[in-house]
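Heads up, the thing below is written out as C-alpha cells.
Residue numbers (my numbering): 34 to 249.
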C-alpha cells in the first residue's frame, strides 16, 4: 500500500489505465514486481484546498552581518602618527569617506570668510561633501581633528589667499600640501576623489607648500 500511495499523479493515472485495459497492473518495488488485479485497488480523484499565507519580510538580517564588515573596515583604517601616539587618524579611502574635504581658515580673521564661503559653495556645486572648521585652536590641532574622523583632504585659507586668490590643499595620509588657485581647487579635489588624479600627480603639477602641523 505504501508503494501505491507513493505514486505520482501521472503514475497513478497510468496504473489505472493499464489495469482497465489489461485487467491487471504490474507494480515495481525495488527489484521486485507485483501483479495487482483491477479489483485490488482503486484510484480516487478529489480536490484539495490549500491555504497559503504570503509573508514579505520588512527586515532582512543576513548572517554575515554588515555591522561586522563596517567595524573591520574602521579597524583596518585606524592608525596613529609615527612619533606621536596621541595623534590618531582614520585612513578611509576618499571615495567612501563620509566627508571628503574640510575648509579651514587659518585664523578667525573676518577677511577669510568670503574665501571660505566661495570654496564651500564651489565644493557643494560639484557634489563634494565638506565641513567648515572655523573653531578655535591652532590650525595644526584642527588638522588633527579632521584626520581623526577620516576627512582625506583639507583646503586652508591663509593670508596669502587675500592677495593671490589661492589656498592650500592638504592630503591626510602624507600631511603634505600644495597651493593652487581658488578656481582650481574644487576640480582637483573632485579628481582625487574619483581617482582620476593621484596625490603624486597633483604634487607634480602644483607647487608644494610647507605649512604648520603642530597640534600645540
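The C-beta atom is built at its ideal place from N, Cα and C for all residues, glycine as well.
Going by DSSP in three states, residue 248 sits in which element: helix, strand or coil? Interpretation of residue 248 is limited by its pLDDT of 47, a score under 50 that renders its predicted location unreliable; the figure taken from the coordinates is listed afterwards. In the structure shown, residue 248 sits in coil (DSSP, three-state: anything other than H, G, I, E or B).
Please work out which residues of its chain come closer than 7 Å, Cβ to Cβ, to residue 130, disregarding the five sequence neighbours upstream and downstream, and give them in chain order. 183, 184 and 185
Beta carbon of residue 190, beta carbon of residue 149: below 7 Å? yes
Please confirm if the stretch 101-119 is in contact with the stretch 144-158, defined as three or more CB-CB distances below 8 Å between the two stretches. no
From residue 217 to residue 243, what does the alpha carbon distance come to, in whole angstroms? 19 Å
Find the nearest neighbour of residue 176 within the set 114, 220 and 92, judged by alpha-carbon distance. 114
Along the chain, where does the alpha helix (DSSP H) that runs through residue 220 open and close? 218-227
Could you check how far apart the C-beta atoms of residue 201 and residue 210 are, in whole angstroms? I think they sit under 8 Å. 5 Å
Per DSSP, residue 114 is paired with what? 117
So what's residue 46 in DSSP terms, helix, strand or just coil? helix
First and last residue of the uninterrupted beta strand (DSSP E) at residue 255: Nothing can be reported for residue 255, as the shown portion of the chain is limited to 34 through 249.
Rounded straight-line distance, which links the Cα of residue 172 to that of residue 94: 44 Å
For the alpha helix (DSSP H) that residue 192 lies in, which residues bound it at each end? 192-197
Suppose you measure from the CA of residue 59 to the CA of residue 42; what does that come to, to the nearest Å? 17 Å
For the stretch 66-76 against the stretch 45-58, are there 3 or more C-beta pairs whose distance is under 8 Å? yes
Measure the C-alpha to C-alpha separation of residue 106 and residue 181 and round it to an integer number of angstroms. 15 Å
From the DSSP output, read off the bridge partner residues of residue 66. 61
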